[in-house]
Amino acid sequence: MDTTTSFPKDKIKILLLENIHSAAIKQFNDQGFQVESISSSLPEEKIIEKIKDVHVLGLRSKTKVTEKILDAANRLLAIGCFCIGTDQVDLHAAEKRGIPVFNSPFCNSRSVAELIIAEIIILSRKLGDRSKEMHEKKWRKESKACHEIRGKSLGIIGYGHIGSQLSVLAEAMGMSVSYYDIARRLPLGNSKMCPDLKSLLESNNFITLHVPDTELTRGMIGEEEINTMKKGTYLLNASRGKVVQIPHLAAALRSGHLAGCAVDVYPSEPEANCDDWETELQGCPNTILTPHIGGSTEEAQEAIGLEVSDLIISFINSGASAGSVNFPEVTMPYSPSTHRILNIHNNKPGVLRDINNILSEFNVSGQVLSTRKQIGYIIADVDSKASKEIKKKISDLPNSIRTRILY
Ligand SMILES: NC(=O)c1ccc[n+]([C@@H]2O[C@H](COP(=O)([O-])OP(=O)(O)OC[C@H]3O[C@@H](n4cnc5c(N)ncnc54)[C@H](O)[C@@H]3O)[C@@H](O)[C@H]2O)c1
Ligand SMILES: O=C(O)[C@H](O)COP(=O)(O)O
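Right, here's the structure in full:
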């Protein structure tokens, strides 16, 4: 392939935050890209300072990518969320600027499901308190209010990649499973769908949350929902921190209404490891607190690193946007001895006519277009002799947001 027109690969700058797995760094280095990897997240003002000449930003669940950051990111081609959640990125603002956001929709879902199974047993046998006592030289052997999980009931809120895997694992441990979801989901094994949230809350020994952070889920478990749960229920949250109203959870634990809880996510979380982090849940009985480690296994992080870096490399090298969460998904096989024009434009009537008026003067061997609410994305393989002229004409159109030329 003639690489005279593509942006030189060794000039492409990638900034990775939050200790993204070395598998991703290796993939980017193998492409000849420049990579800077930082183990922590960064506050908005620091990212604004660094983002000016960055082409790809990689992050996990902590880093907030705001419109203010995107306004400063005039070279940014793509964002990679090396995790499942993408609520930390202003997806609307990224779309408007023609910046695709890629994520890894399920590589760490098994890790979360296994953590929840472990925590259900730990809570049911009060292992957290027993272990803490042993470290304090206290021998406290007792079976009171300690139970097997076989024959107990698990209510899953959010029956997606994590919830459904958890359903199968819980049934394998002898639990009965019900779930509540706003979408129709295939019940796996003998699990039962609850018609509404209330019926799930009032009928399960263990209740676990596996929903995204959305307008609908923020604060969805508050005082009323906790009071709907039977006395002695256990609550687990490894979804997003704003889903459960912590003060009401802490009160229910201290009053004895809830028998225990396991929390992995919090309304606000530190940008890096620290020694002074506080939550109202500290000191509550039979309470397991973990620092957002649901997806933190070697297996999950390596798989995520490979998956998301592959998606980004493919977008940089061929314009393929499959796997993005906020962008029209377009891919097109390579056409030999052509140059590839990538154009992202405002999705307005007449734009395609203007582009095709330009392309119609030249030999086009392939063209694919897809649109979303705000933007359209077109890939066209054109005569390499005319590609620079075509790129300039399309780039100059009033509704063009970004136009690239490859090969
Ligand atoms: N603690 C961690 O380390 C960790 C790891 C991975 C994912 N997560 C979080 O868990 C969430 C779920 O992950 P997933 O892979 O299962 O996502 P998913 O998209 O596969 O499943 C989410 C499910 O929740 C349902 N849902 C959405 N809004 C709902 C509502 N208001 N009521 C009931 N159900 C609702 C959806 O229909 C979907 O079935 C992610 O969005 C992420 O925020 C946390
Ligand atoms: O969204 C996710 O996948 C989880 O919250 C994991 O986030 P992390 O990669 O920051 O651990």
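Following this note's numbering, the numbering of the sequence shown begins with 2 at its first residue and continues without gaps.
Glycine is no exception: its CB is placed at the ideal position from the N, C-alpha and C atoms.
In this text the structure is predicted, and so the values were computed from the model without any measurement.
Given this structure, state the Cα-to-Cα distance separating isoleucine 247 from glycine 220, to the nearest angstrom. 9 Å
Please state whether the Cβ-Cβ distance between arginine 241 and aspartate 91 is less than 8 Å. no
Beta-carbon proximity check, isoleucine 345 vs isoleucine 402, cutoff 8 Å: yes
Along the chain, where does the alpha helix (DSSP H) containing glycine 261 start, and where does it finish? Careful: glycine 261 lies outside any alpha helix (DSSP H), inside the beta strand (DSSP E) at 259 to 264.
State the Cα-Cα distance for the pair proline 271 and glutamate 362, rounded to the nearest angstrom. 56 Å
Rounded separation between isoleucine 289 and alanine 323 - CA only: 39 Å
Specify, as a first and last residue, the run of the alpha helix (DSSP H) that arginine 241 falls within. Counting along the chain, arginine 241 falls outside any alpha helix (DSSP H), and DSSP gives it neither H nor E.
Ligand 1 heavy atoms versus the CB of serine 132: any closer than 7 Å? no
Where the alpha helix (DSSP H) containing isoleucine 359 begins and where it ends: 352 to 360
Of the residues Gly190, Asp276, Ala184, Asn191, the one placed nearest leucine 217, counting alpha carbons only: Ala184
Boundaries (first-last residue) of the alpha helix (DSSP H) holding phenylalanine 29: 23 to 31
I'd like the span of the alpha helix (DSSP H) that includes alanine 171, first residue to last. 162 to 173
DSSP-derived helix/strand/coil call for isoleucine 158: strand
Tell me the residue span of the beta strand (DSSP E) that contains aspartate 384. 376 to 384
Compute the beta-carbon to beta-carbon distance between glutamine 166 and arginine 111, rounded to the nearest angstrom, for a pair I have assumed lies under 8 Å. 6 Å
DSSP three-state assignment for proline 309, whether helix, strand or coil: With the sequence shown as reference, residue 309 is identified as valine, and proline is not the correct amino acid for it. Residue state, collapsed to three classes: helix.
Answer yes or no: the CB of proline 213 versus the heavy atoms of ligand 3, is any distance below 7 Å? Ligand 3 is not part of the structure shown, which contains ligand 1 and ligand 2 as its ligands.
Could you pull out every residue in the same chain whose Cβ sits closer than 7 Å to the Cβ of asparagine 287, ignoring the five residues on either side in sequence? Leu124, Lys127, Gly129, Asp130, Ala260, Gly261
Touch check for the stretch 200 to 213 and the stretch 230 to 244: three-plus C-beta pairs under 8 Å? yes
My assumption, with CB atoms under 8 Å, is that serine 338 sits in contact with serine 385. Please give the rounded CB distance. 6 Å
Kindly list the residues whose CB is nearer than 6 Å to the CB of leucine 17, restricted to its own chain and excluding five residues on each side of it in sequence; keep chain order. Ser38, Gly59
Could you give the residue range of the alpha helix (DSSP H) that holds valine 113? 110 to 125
Would lysine 478 be called buried (16 or more neighbouring beta carbons within 10 Å of its own) or exposed? This structure does not reach residue 478, given that the chain is present from 2 up to 408, and the question cannot be answered.
Return yes when the C-beta of glycine 295 is under 7 Å from any heavy atom of ligand 2, and no when it is not. yes
Does the distance from the C-beta atom of leucine 175 to that of arginine 151 stay below 8 Å? Note that residue 175 is glycine in the sequence shown, not leucine. Going by C-beta atoms, glycine 175 is nearer than 8 Å to arginine 151.
Alpha carbon of phenylalanine 29 to alpha carbon of glycine 99, nearest angstrom: 22 Å
Please report how far the alpha carbon of isoleucine 122 lies from the alpha carbon of glutamate 149, in whole angstroms. 8 Å
Whose C-beta lies closer than 6 Å to the C-beta of isoleucine 26 among residues of the same chain, with five residues either side of it excluded? Val36, Ser38
Ignoring anything shorter than 3 residues, give me the beta strand (DSSP E) runs that lie fully in the stretch 72 to 103, in order along the chain. 79 to 82
Measure the beta-carbon distance from leucine 312 to aspartate 355 and round it to whole angstroms, keeping in mind my assumption that it falls under 8 Å. Actually they do not touch by this definition, with Cβ atoms about 30 Å apart.
How would you write the range of the beta strand (DSSP E) that lysine 14 sits in, first residue to last? 14 to 17
Sheet register partners of lysine 193 (DSSP bridge): Ser179
I want to know whether the stretch 131 to 147 touches the stretch 193 to 201 - three or more CB-CB distances under 8 Å. no
To which residues of the same chain is methionine 2 closer than 6 Å at the C-beta, ignoring the five residues directly before and after it? Residue confidence is low: methionine 2 scores 43 on pLDDT, short of 50, so the model does not pin down where it sits. No coordinate-derived value is stated.
Have a look at the DSSP bridge pairing and note the partners of tyrosine 235. Phe207, Gly261
Rounded C-beta distance between alanine 239 and leucine 116? I'm assuming under 8 Å. 7 Å
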